[in-house]
(Lines of atoms letter the chains of each structure in order from A and count residues from 1; the text may use other names and numbers.)
(Lines give C-alpha, C1' and ligand atoms only; values in the text may rest on other atoms or scores of the structure.)
Protein backbone atom coordinates (compact mmCIF):
# COMPACT_ATOMS: atom_id res chain seq x y z
CA UNK A 1 0.00 0.00 0.00
CA UNK A 2 1.30 3.45 -0.92
CA UNK A 3 2.44 5.57 2.01
CA UNK A 4 0.06 8.55 2.28
CA UNK A 5 3.11 10.77 2.72
CA UNK A 6 3.64 10.25 -1.01
CA UNK A 7 0.25 11.66 -1.98
CA UNK A 8 0.27 15.06 -3.73
CA UNK A 9 -1.08 18.13 -1.97
CA UNK A 10 -1.96 21.72 -2.80
CA UNK A 11 -0.37 24.25 -0.43
CA UNK A 12 -1.08 27.91 -1.09
CA UNK A 13 -0.52 28.50 -4.79
CA UNK A 14 1.59 25.33 -5.26
CA UNK A 15 0.71 21.82 -6.35
CA UNK A 16 3.26 19.68 -4.54
CA UNK A 17 4.21 16.09 -5.47
CA UNK A 18 4.27 14.70 -1.91
CA UNK A 19 3.78 15.54 1.77
CA UNK A 20 7.39 14.93 2.80
CA UNK A 21 8.69 18.41 3.54
CA UNK A 22 12.21 19.44 4.50
CA UNK A 23 12.29 21.31 7.79
CA UNK A 24 14.36 24.48 8.23
CA UNK A 25 17.74 23.73 9.81
CA UNK A 26 20.67 26.03 10.52
CA UNK A 27 23.84 24.54 8.96
CA UNK A 28 26.33 27.49 9.23
CA UNK A 29 27.75 27.15 5.71
CA UNK A 30 27.42 30.81 4.66
CA UNK A 31 31.13 31.34 5.33
CA UNK A 32 31.62 34.68 3.63
CA UNK A 33 31.56 38.31 4.82
CA UNK A 34 28.37 39.04 2.85
CA UNK A 35 26.39 36.34 4.71
CA UNK A 36 25.08 35.03 1.40
CA UNK A 37 24.25 31.61 0.03
CA UNK A 38 27.00 29.89 -1.95
CA UNK A 39 27.28 27.23 -4.67
CA UNK A 40 27.80 24.64 -1.91
CA UNK A 41 24.54 25.69 -0.27
CA UNK A 42 22.83 25.47 -3.66
CA UNK A 43 24.18 21.92 -4.09
CA UNK A 44 22.89 20.93 -0.64
CA UNK A 45 19.34 22.06 -1.31
CA UNK A 46 19.30 20.76 -4.87
CA UNK A 47 20.24 17.28 -3.64
CA UNK A 48 17.01 17.38 -1.61
CA UNK A 49 14.73 18.85 -4.29
CA UNK A 50 12.50 15.76 -4.32
CA UNK A 51 10.97 16.98 -1.04
CA UNK A 52 7.40 18.18 -1.50
CA UNK A 53 8.59 21.51 -0.13
CA UNK A 54 11.99 22.68 1.11
CA UNK A 55 11.95 25.30 3.85
CA UNK A 56 15.40 26.85 4.10
CA UNK A 57 17.44 27.49 7.17
CA UNK A 58 16.57 30.71 8.98
CA UNK A 59 17.70 33.74 6.99
CA UNK A 60 18.20 37.02 8.82
CA UNK A 61 15.93 39.91 7.88
CA UNK A 62 18.49 42.50 9.01
CA UNK A 63 21.93 42.86 10.56
CA UNK A 64 20.21 43.33 13.92
CA UNK A 65 18.58 39.90 13.53
CA UNK A 66 21.86 37.92 13.62
CA UNK A 67 22.70 35.57 16.47
CA UNK A 68 24.81 32.76 14.97
CA UNK A 69 27.93 32.63 12.82
CA UNK A 70 27.89 31.80 9.11
CA UNK A 71 24.12 32.08 8.73
CA UNK A 72 22.74 33.64 5.54
CA UNK A 73 20.66 36.77 5.27
CA UNK A 74 17.99 38.04 2.88
CA UNK A 75 18.33 41.81 3.33
CA UNK A 76 21.02 42.90 0.82
CA UNK A 77 21.39 42.75 -2.98
CA UNK A 78 24.38 40.39 -2.60
CA UNK A 79 22.26 38.02 -0.52
CA UNK A 80 19.49 38.06 -3.12
CA UNK A 81 22.02 37.07 -5.76
CA UNK A 82 23.35 34.27 -3.56
CA UNK A 83 19.90 32.82 -3.02
CA UNK A 84 19.21 32.98 -6.77
CA UNK A 85 21.82 30.24 -7.17
CA UNK A 86 19.77 28.07 -4.83
CA UNK A 87 16.28 28.71 -6.20
CA UNK A 88 17.36 28.33 -9.82
CA UNK A 89 19.03 24.98 -9.14
CA UNK A 90 16.10 23.66 -7.07
CA UNK A 91 13.56 24.72 -9.68
CA UNK A 92 15.60 23.06 -12.43
CA UNK A 93 15.04 19.82 -10.47
CA UNK A 94 11.29 20.65 -10.33
CA UNK A 95 11.52 21.34 -6.60
CA UNK A 96 9.70 23.93 -4.49
CA UNK A 97 11.40 26.09 -1.89
CA UNK A 98 10.37 28.65 0.75
CA UNK A 99 12.76 31.00 2.55
CA UNK A 100 12.46 31.09 6.33
CA UNK A 101 12.58 34.69 7.60
CA UNK A 102 14.44 34.96 10.91
CA UNK A 103 15.17 37.39 13.73
CA UNK A 104 16.77 35.79 16.78
CA UNK A 105 15.95 38.64 19.19
CA UNK A 106 17.64 38.02 22.54
CA UNK A 107 19.19 34.71 21.41
CA UNK A 108 22.30 36.62 20.42
CA UNK A 109 25.53 38.13 21.67
CA UNK A 110 26.94 41.64 21.60
CA UNK A 111 29.80 40.32 19.42
CA UNK A 112 27.35 40.36 16.50
CA UNK A 113 26.28 43.95 17.14
CA UNK A 114 29.54 45.90 17.47
CA UNK A 115 29.44 45.55 21.22
CA UNK A 116 25.85 46.74 21.56
CA UNK A 117 23.09 44.71 23.18
CA UNK A 118 20.78 42.54 21.08
CA UNK A 119 17.08 43.46 21.12
CA UNK A 120 14.05 41.73 22.58
CA UNK A 121 10.56 42.45 23.96
CA UNK A 122 12.06 43.10 27.41
CA UNK A 123 15.53 43.38 28.93
CA UNK A 124 15.60 39.75 30.15
CA UNK A 125 18.59 37.53 29.33
CA UNK A 126 17.69 34.22 27.69
CA UNK A 127 20.21 32.45 29.90
CA UNK A 128 21.33 30.31 26.98
CA UNK A 129 24.20 30.16 24.46
CA UNK A 130 24.95 32.01 21.24
CA UNK A 131 27.24 30.47 18.61
CA UNK A 132 30.03 32.99 17.88
CA UNK A 133 33.35 32.92 16.06
CA UNK A 134 34.97 32.12 19.42
CA UNK A 135 32.57 29.26 20.12
CA UNK A 136 29.43 29.19 22.23
CA UNK A 137 29.10 32.16 24.58
CA UNK A 138 26.46 33.09 27.12
CA UNK A 139 23.74 35.17 25.52
CA UNK A 140 23.94 38.89 26.19
CA UNK A 141 21.29 40.74 28.15
CA UNK A 142 19.12 42.48 25.54
CA UNK A 143 17.54 45.88 25.57
CA UNK A 144 13.81 46.28 25.07
CA UNK A 145 12.65 47.38 21.64
CA UNK A 146 10.85 50.70 21.45
CA UNK A 147 7.47 50.79 19.76
CA UNK A 148 9.04 52.59 16.79
CA UNK A 149 11.68 49.85 16.53
CA UNK A 150 8.99 47.17 16.59
CA UNK A 151 7.34 48.88 13.64
CA UNK A 152 10.71 49.11 11.87
CA UNK A 153 11.29 45.39 12.43
CA UNK A 154 7.93 44.63 10.85
CA UNK A 155 9.12 46.53 7.80
CA UNK A 156 12.38 44.55 7.83
CA UNK A 157 10.32 41.37 7.51
CA UNK A 158 8.26 42.86 4.70
CA UNK A 159 11.40 43.92 2.85
CA UNK A 160 12.99 40.50 3.38
CA UNK A 161 9.88 38.79 2.00
CA UNK A 162 10.01 40.98 -1.09
CA UNK A 163 13.70 40.14 -1.47
CA UNK A 164 12.94 36.43 -1.17
CA UNK A 165 10.46 36.57 -4.02
CA UNK A 166 12.97 38.60 -6.06
CA UNK A 167 15.49 35.83 -5.37
CA UNK A 168 13.12 33.28 -6.89
CA UNK A 169 11.64 31.64 -3.79
CA UNK A 170 8.14 30.20 -4.05
CA UNK A 171 7.25 31.80 -0.74
CA UNK A 172 8.40 32.58 2.78
CA UNK A 173 7.97 31.15 6.26
CA UNK A 174 7.91 33.56 9.21
CA UNK A 175 9.97 31.98 11.98
CA UNK A 176 7.82 32.46 15.08
CA UNK A 177 9.13 29.48 17.05
CA UNK A 178 12.09 28.03 18.96
CA UNK A 179 12.66 30.93 21.32
CA UNK A 180 13.35 33.58 18.68
CA UNK A 181 11.94 37.11 18.46
CA UNK A 182 8.23 36.52 17.85
CA UNK A 183 8.20 33.59 20.28
CA UNK A 184 9.77 35.89 22.87
CA UNK A 185 6.80 38.24 22.53
CA UNK A 186 4.38 35.35 23.09
CA UNK A 187 5.73 34.22 26.48
CA UNK A 188 5.85 35.78 29.93
CA UNK A 189 9.40 34.59 30.59
CA UNK A 190 10.64 37.02 27.92
CA UNK A 191 7.89 39.66 27.65
CA UNK A 192 6.95 41.81 30.65
CA UNK A 193 5.98 44.88 28.63
CA UNK A 194 3.23 47.15 29.96
CA UNK A 195 2.34 48.72 26.60
CA UNK A 196 0.25 47.46 23.68
CA UNK A 197 2.79 44.67 23.00
CA UNK A 198 2.58 42.92 26.36
CA UNK A 199 0.15 41.55 28.91
CA UNK A 200 -2.95 40.17 27.19
CA UNK A 201 -3.00 37.43 24.57
CA UNK A 202 -3.98 40.00 21.98
CA UNK A 203 -1.13 42.32 22.92
CA UNK A 204 1.52 39.59 22.95
CA UNK A 205 0.39 38.54 19.46
CA UNK A 206 0.13 42.09 18.08
CA UNK A 207 3.67 42.34 16.66
CA UNK A 208 3.30 38.95 14.96
CA UNK A 209 -0.01 39.80 13.31
CA UNK A 210 1.16 43.26 12.25
CA UNK A 211 4.13 41.59 10.58
CA UNK A 212 2.05 38.81 9.03
CA UNK A 213 -0.27 41.44 7.56
CA UNK A 214 2.62 43.39 6.03
CA UNK A 215 4.33 40.31 4.63
CA UNK A 216 1.07 38.97 3.20
CA UNK A 217 0.23 42.31 1.64
CA UNK A 218 3.68 42.44 0.05
CA UNK A 219 3.91 38.96 -1.48
CA UNK A 220 0.44 37.41 -1.16
CA UNK A 221 -0.77 35.37 1.80
CA UNK A 222 -0.78 32.22 -0.34
CA UNK A 223 3.03 32.55 -0.41
CA UNK A 224 3.33 32.82 3.38
CA UNK A 225 3.65 30.14 6.06
CA UNK A 226 4.31 30.55 9.78
CA UNK A 227 6.11 28.31 12.27
CA UNK A 228 4.98 27.88 15.89
CA UNK A 229 6.35 25.87 18.81
CA UNK A 230 3.73 26.02 21.60
CA UNK A 231 5.32 23.50 23.97
CA UNK A 232 8.91 24.70 23.75
CA UNK A 233 10.31 24.47 27.26
CA UNK A 234 13.77 24.37 28.74
CA UNK A 235 15.76 25.54 25.73
CA UNK A 236 16.52 28.89 24.08
CA UNK A 237 15.44 30.57 27.29
CA UNK A 238 11.79 29.54 27.02
CA UNK A 239 9.75 28.29 29.96
CA UNK A 240 6.05 27.49 29.98
CA UNK A 241 3.47 28.85 32.40
CA UNK A 242 -0.32 28.68 32.70
CA UNK A 243 -0.70 31.46 30.12
CA UNK A 244 1.44 29.93 27.37
CA UNK A 245 -0.93 27.47 25.69
CA UNK A 246 -3.94 29.85 25.90
CA UNK A 247 -1.79 32.46 24.13
CA UNK A 248 -1.02 30.01 21.33
CA UNK A 249 -4.67 28.95 21.12
CA UNK A 250 -5.55 32.62 20.61
CA UNK A 251 -2.86 32.89 17.92
CA UNK A 252 -3.99 29.80 16.05
CA UNK A 253 -7.67 30.64 16.18
CA UNK A 254 -6.94 34.12 14.80
CA UNK A 255 -4.91 32.58 11.99
CA UNK A 256 -8.18 31.13 10.70
CA UNK A 257 -9.03 34.68 9.63
CA UNK A 258 -6.26 34.39 7.00
CA UNK A 259 -8.00 31.94 4.71
CA UNK A 260 -5.36 32.30 1.98
CA UNK A 261 -2.41 31.56 4.27
CA UNK A 262 -0.23 28.84 2.78
CA UNK A 263 0.19 26.86 6.00
CA UNK A 264 0.91 26.78 9.72
CA UNK A 265 3.97 24.71 10.62
CA UNK A 266 3.87 23.29 14.17
CA UNK A 267 6.70 21.67 16.12
CA UNK A 268 6.02 18.81 18.50
CA UNK A 269 7.84 19.13 21.87
CA UNK A 270 11.60 19.14 21.27
CA UNK A 271 12.34 18.08 24.84
CA UNK A 272 10.37 15.80 27.19
CA UNK A 273 7.40 17.65 28.73
CA UNK A 274 5.71 14.82 30.64
CA UNK A 275 6.39 16.56 33.93
CA UNK A 276 6.05 20.13 32.66
CA UNK A 277 2.95 21.85 33.98
CA UNK A 278 0.68 23.38 31.35
CA UNK A 279 2.54 21.84 28.37
CA UNK A 280 0.70 20.12 25.53
CA UNK A 281 2.30 16.76 24.78
CA UNK A 282 0.74 16.18 21.32
CA UNK A 283 0.71 19.44 19.40
CA UNK A 284 -0.95 18.20 16.19
CA UNK A 285 -3.74 16.49 18.10
CA UNK A 286 -4.36 19.57 20.24
CA UNK A 287 -4.26 22.23 17.54
CA UNK A 288 -5.77 20.40 14.52
CA UNK A 289 -9.35 21.03 15.76
CA UNK A 290 -8.47 24.71 16.22
CA UNK A 291 -7.00 25.38 12.78
CA UNK A 292 -8.87 24.97 9.49
CA UNK A 293 -6.01 25.56 7.07
CA UNK A 294 -3.07 23.46 5.93
CA UNK A 295 -1.16 22.12 8.94
CA UNK A 296 2.43 20.89 8.78
CA UNK A 297 3.82 18.96 11.75
CA UNK A 298 7.49 18.46 12.56
CA UNK A 299 9.88 16.75 14.97
CA UNK A 300 10.75 13.16 15.58
CA UNK A 301 8.71 11.53 12.80
CA UNK A 302 9.66 8.41 10.87
CA UNK A 303 7.98 6.96 7.79
CA UNK A 304 5.33 5.04 9.71
CA UNK A 305 4.52 7.72 12.29
CA UNK A 306 4.37 10.33 9.52
CA UNK A 307 1.98 8.13 7.55
CA UNK A 308 -0.17 7.68 10.64
CA UNK A 309 -0.46 11.39 11.46
CA UNK A 310 -1.65 12.05 7.89
CA UNK A 311 -4.15 9.16 7.93
CA UNK A 312 -5.56 10.34 11.27
CA UNK A 313 -6.07 13.76 9.63
CA UNK A 314 -4.04 15.47 12.34
CA UNK A 315 -1.76 17.07 9.75
CA UNK A 316 -1.61 17.62 6.01
CA UNK A 317 2.16 17.22 5.63
CA UNK A 318 5.15 16.20 7.75
CA UNK A 319 8.42 18.14 7.87
CA UNK A 320 11.52 16.02 8.44
CA UNK A 321 14.69 17.63 9.77
CA UNK A 322 17.73 15.49 10.63
CA UNK A 323 16.59 12.62 8.39
CA UNK A 324 16.90 15.00 5.42
CA UNK A 325 20.41 15.98 6.50
CA UNK A 326 21.59 12.38 6.17
CA UNK A 327 19.26 11.27 3.37
CA UNK A 328 19.14 13.61 0.37
CA UNK A 329 16.88 10.98 -1.26
CA UNK A 330 14.57 10.62 1.74
CA UNK A 331 11.47 10.62 -0.46
CA UNK A 332 12.78 7.67 -2.47
CA UNK A 333 13.77 5.80 0.69
CA UNK A 334 10.27 6.24 2.12
CA UNK A 335 8.74 5.17 -1.18
CA UNK A 336 10.83 1.98 -1.29
CA UNK A 337 10.82 1.25 2.44
CA UNK A 338 14.61 1.46 2.46
CA UNK A 339 16.92 1.99 5.42
CA UNK A 340 17.85 5.55 6.35
CA UNK A 341 21.40 6.85 6.77
CA UNK A 342 22.27 8.15 10.25
CA UNK A 343 23.33 11.80 10.57
CA UNK A 344 26.65 12.96 11.99
CA UNK A 345 25.96 15.63 14.60
CA UNK A 346 29.61 16.69 14.74
CA UNK A 347 29.23 18.20 11.25
CA UNK A 348 25.94 20.07 11.77
CA UNK A 349 27.57 23.52 12.15
CA UNK A 350 30.98 23.09 10.58
CA UNK A 351 32.21 24.34 7.20
CA UNK A 352 32.71 22.50 3.93
CA UNK A 353 31.03 19.53 2.30
CA UNK A 354 31.70 16.89 4.98
CA UNK A 355 28.40 15.96 6.59
CA UNK A 356 26.66 18.39 4.25
CA UNK A 357 26.67 17.27 0.63
CA UNK A 358 28.53 13.94 0.89
CA UNK A 359 25.83 11.62 2.29
CA UNK A 360 25.27 8.60 -0.01
CA UNK A 361 22.11 8.12 -2.02
CA UNK A 362 20.49 4.87 -3.11
CA UNK A 363 21.60 3.34 -6.38
CA UNK A 364 19.18 3.05 -9.27
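Residue numbers (the working numbering): 35 to 398.
For every residue, glycine included, the Cβ atom is placed at its ideal position computed from N, Cα and C.
Quick caveat, the model's predicted, so the values are computed rather than measured.
How many angstroms separate the CA atom of residue i from the CA atom of residue j?
i           : j           : result
residue 397 : residue 129 : 21 Å
residue 113 : residue 54  : 28 Å
residue 182 : residue 341 : 46 Å
residue 366 : residue 390 : 19 Å
residue 237 : residue 96  : 24 Å
residue 102 : residue 231 : 26 Å
residue 347 : residue 221 : 29 Å
residue 276 : residue 323 : 21 Å
residue 164 : residue 190 : 22 Å
residue 177 : residue 161 : 14 Å
residue 48  : residue 363 : 21 Å
residue 185 : residue 255 : 20 Å
residue 331 : residue 43  : 15 Å
residue 168 : residue 290 : 44 Å
residue 125 : residue 388 : 25 Å
residue 81  : residue 201 : 19 Å
residue 116 : residue 195 : 15 Å
residue 334 : residue 269 : 17 Å
residue 395 : residue 41  : 22 Å
residue 76  : residue 372 : 26 Å
residue 180 : residue 377 : 42 Å
residue 310 : residue 73  : 44 Å
residue 374 : residue 304 : 21 Å
residue 122 : residue 100 : 26 Å
residue 248 : residue 259 : 13 Å
residue 282 : residue 315 : 14 Å
residue 166 : residue 50  : 37 Å
residue 153 : residue 273 : 19 Å
Counting C-beta neighbours from all protein chains within 10 Å, is the total for residue i 16 or more, i.e. buried, or is it exposed?
i           : result
residue 91  : buried
residue 226 : exposed
residue 228 : exposed
residue 192 : buried
residue 140 : buried
residue 370 : exposed
residue 157 : exposed
residue 357 : buried
residue 308 : exposed
residue 257 : buried
residue 392 : exposed
residue 107 : buried
residue 350 : buried
residue 302 : buried
residue 111 : exposed
residue 67  : exposed
residue 306 : exposed
With the cut-off set at 8 Å, would you say residue i and residue j are in Cβ contact?
i           : j           : result
residue 271 : residue 313 : no
residue 197 : residue 109 : yes
residue 69  : residue 105 : yes
residue 329 : residue 337 : no
residue 244 : residue 188 : yes
residue 266 : residue 299 : no
residue 205 : residue 132 : yes
residue 355 : residue 57  : yes
residue 120 : residue 199 : no
residue 325 : residue 45  : no
residue 88  : residue 79  : yes
residue 261 : residue 207 : yes
residue 93  : residue 39  : no
residue 383 : residue 62  : yes
residue 143 : residue 171 : yes
residue 219 : residue 280 : no
residue 368 : residue 59  : no
Per the DSSP calculation, residue i is bridged to which residue(s)?
i           : result
residue 136 : 94
residue 79  : According to DSSP, which records beta bridges pairwise, residue 79 is partnered with nothing at all.
residue 199 : Answer is none; residue 199 lacks a bridge partner.
residue 163 : 172
residue 354 : 56
residue 378 : Paired residue(s): none; residue 378 is not in a bridge.
residue 301 : 332
residue 396 : Its beta-bridge partners do not exist; DSSP assigns none.
residue 262 : 300
residue 205 : 132
residue 70  : According to DSSP, residue 70 bridges with nothing at all.
residue 44  : 49
residue 307 : In DSSP, residue 307 forms no bridge with anything.
Which whole-angstrom value describes the C-beta separation of residue i and residue j, a residue pair presumed to lie in contact below a C-beta threshold of 8 Å?
i           : j           : result
residue 263 : residue 320 : Not confirmed; about 13 Å, so no contact.
residue 137 : residue 215 : 4 Å
residue 284 : residue 235 : 4 Å
residue 65  : residue 385 : 5 Å
residue 83  : residue 127 : 4 Å
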